[in-house]
Each structure stands twice: as structure tokens, then as C-alpha cells.
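Enquirer: Sharing a structure below in C-alpha cells format, with a few things to ask.
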Amino acid sequence: DVKVTQSSRYLVKRTGEKVFLECVQDMDHENMFWYRQDPGLGLRLIYFSYDVKMKEKGDIPEGYSVSREKKERFSLILESASTNQTSMYLCASSPGHLLGKKLFFGSGTQLSVL
Amino acid sequence: AQRVTQPEKLLSVFKGAPVELKCNYSYSGSPELFWYVQYSRQRLQLLLRHISRESIKGFTADLNKGETSFHLKKPFAQEEDSAMYYCALSGLSGGYNKLIFGAGTRLAVHP
Numbered sequence: 001d002v003k004v005t006q007s008s009r010y011l012v013k014r015t016g017e018k019v020f021l022e023c024v025q026d027m028d029h030e031n032m033f034w035y036r037q038d039p040g041l042g043l044r045l046i047y048f049s050y051d052v053k054m055k056e057k058g059d060i061p062e063g064y065s066v067s068r069e070k071k072e073r074f075s076l077i078l079e080s081a082s083t084n085q086t087s088m089y090l091c092a093s094s095p096g097h098l099l100g101k102k103l104f105f106g107s108g109t110q111l112s113v114l
Numbered sequence: 115a116q117r118v119t120q121p122e123k124l125l126s127v128f129k130g131a132p133v134e135l136k137c138n139y140s141y142s143g144s145p146e147l148f149w150y151v152q153y154s155r156q157r158l159q160l161l162l163r164h165i166s167r168e169s170i171k172g173f174t175a176d177l178n179k180g181e182t183s184f185h186l187k188k189p190f191a192q193e194e195d196s197a198m199y200y201c202a203l204s205g206l207s208g209g210y211n212k213l214i215f216g217a218g219t220r221l222a223v224h225p
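Top to bottom, those sequences are chains A and B. Letter by letter, the first sequence follows residues 1 to 114 in my numbering. Letter by letter, the second sequence follows residues 115 to 225 in my numbering.
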């Protein structure tokens, strides 16, 4: 069974802090994704990566960056956290041939920026 | 531009009643549509995809290209169907297949 693990379930940070959200998958998937989930807005794609050291912007990349130094790990970075980045963040992965199709999700990180 | 619209935020039904969760999409090419589900305290997971034409947990969904719809249906709702349901579209954007989600519909099945 595919396991996508997000390092923190809940995180509380202050405005202006640099925040790292970590995600690890154990199924050797090529593709990894970061979404944010907000009530009434659904899931919106922030960034995705289809290979090590490769990254592509999603629909709402502003204020975020990502890092993928190893195949199994995909990090989301908030350079200077703001209150409007308070949200549930979901990491996902998929095999190479299923890019943008069948995604396996982590449990999510609920980030609160005060 | 790709877009997925789920017009209902909440759908409330009684056990045994039929259920239809609506999904409409906008996409210029040939889309691939999915339904994802998130049960309470569980991860978001794939429920079904239109190309499989299968029934999962009694749910079916048919792609109607003329009406650009992919509604999710179940003839008799069960309490365990209570969850958040997301319709999603996979289409080419910027050279890559991206999965775009709707806003979601919460299904509440009452005893």
C-alpha cells in the first residue's frame, strides 16, 4: 500500500517565519504534488515535481517554493509566512505514467499562521 | 481554461434515498474525469474514474460530453457514504497533465 507521510499534522507559526512542510513517499513514485485545501475552494495545486530536482508551478505558486533533492521527498517552503497561508496542505504522489491522474494523498498538515 | 464546478456545498439525504452529486467541467480538449472522496479523519482517495466505467461502493458516474457533466450517482444511500466528495479533471495545461479539483460537496446521510 502506498504511504505518503507528512511530517506534521498540526503546525502553528508566526507571520514572517520561514516554514518547511515535509513529505515523504515510499513507493518510488516519480511525481509529487503540493495542494492546499480550503473550504469552498476545494484543492488548489501549488507546485508539482515530475523528477528529482525538477519542479513546475501549479495554479497558486505565489509565496511558496519547493525542493526535491531526493526522489522520495518533496518539501514545501513558505519563505515568509502570512495569515492568508493558513490552510490545510496536502501532499500527493503518483507513478510516472499517471501524472495528473491517480494521486495518493498524505494525511495533511493543518498550518495556522498567527 | 480548465474548470470544475460542483454547485452544491452540502447535500443532505436520508438513508435509502437516491443520491446525485453534480459536477460540470470546462475543458477544450478530451478530458479525463475522476471522483475523489474523503471520509472523516481519512485521507483523500480515488473513488472512481470515468474511463474505468465501473461501480465502486455502489456509486457510478457517466461522462456526458454534450452537457460537460460527470455526475456521481447512487440509488440507495448508506450512512457510511457520508463524506466530502471532489470531482476532478485531468487535462493538459502548460505541457503537463494536471489534476484540477472542484470545490467539493459534503454528503450527509441521515438515519
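In this text, a Cβ means the ideal position worked out from N, Cα and C, and glycines have one as well.
How is residue 130 (chain B) classed by DSSP in three states: helix, strand or coil?
Expert: For the purposes of this step, residue 130 (chain B) is identified with residue 16 of the second sequence, where counting begins at 1. Reduced to three states, the DSSP call for residue 130 (chain B) is coil.
Enquirer: So what does DSSP say about residue 85 (chain A), is it helix, strand or coil?
Expert: The sequence position of residue 85 (chain A) within the first sequence is 85, counting from 1. DSSP places residue 85 (chain A) in helix when its eight states are reduced to three.
Enquirer: With distances taken from CA atoms, which of B:164, B:196, B:165, B:135 is nearest residue 187 (chain B)?
Expert: What you label residue 187 (chain B) is simply residue 73 of the second sequence in a count that begins at 1. Nearest of B:164, B:196, B:165, B:135 to residue 187 (chain B), Cα basis: B:135.
Enquirer: Which class does residue 194 (chain B) belong to by DSSP, given the choice of helix, strand or coil?
Expert: In the second sequence, counting from the first residue as 1, residue 194 (chain B) sits at position 80. Reduced to three states, the DSSP call for residue 194 (chain B) is helix.
Enquirer: Can you check the segment 2-40 of chain A for any beta strand (DSSP E) of at least 3 residues that lies completely inside it and give the ranges in chain order?
Expert: The qualifying runs are 4-6, 10-13, 19-21, 23-25, 31-38.
Enquirer: If you measure beta-carbon to beta-carbon, which residues of the segment 80-96 of chain A are closer than 9 angstroms to chain B?
Expert: Residues 90, 92, 94.
Enquirer: Could you tell me which chain A residues have their CB closer than 7 angstroms to the CB of residue 217 (chain B), listed as they occur along the chain?
Expert: Taking the second sequence and counting its residues from 1, the one referred to as residue 217 (chain B) is at position 103. Per Cβ cutoff of 7 angstroms: 40, 41, 42.
Enquirer: Excluding five sequence neighbours on each side, which residues of the same chain lie with their C-beta closer than 7 angstroms to the C-beta of residue 30 (chain A)?
Expert: Counting from one through the first sequence, the residue named residue 30 (chain A) turns up at place 30. Hits under 7 angstroms: 50, 51, 95, 96.
Enquirer: Taking 8 angstroms as the threshold (beta carbon to beta carbon), is residue 160 (chain B) in contact with chain A?
Expert: As a working mapping, residue 160 (chain B) is identified with position 46 in the second sequence. Judged by the 8 angstroms Cβ criterion, residue 160 (chain B) is in contact with chain A.
Enquirer: Using the Cβ count rule (16 or more neighbours within 10 Å means buried), how would you classify residue 215 (chain B)?
Expert: As a position in the second sequence, residue 215 (chain B) is number 101, starting the count at 1. Under this definition residue 215 (chain B) is a buried residue.
Enquirer: Is residue 137 (chain B) closer than 8 angstroms to residue 59 (chain B) when the C-beta atoms are compared?
Expert: No answer is possible for residue 59 (chain B): it lies beyond the span of chain B, which begins at 115 and ends at 225.
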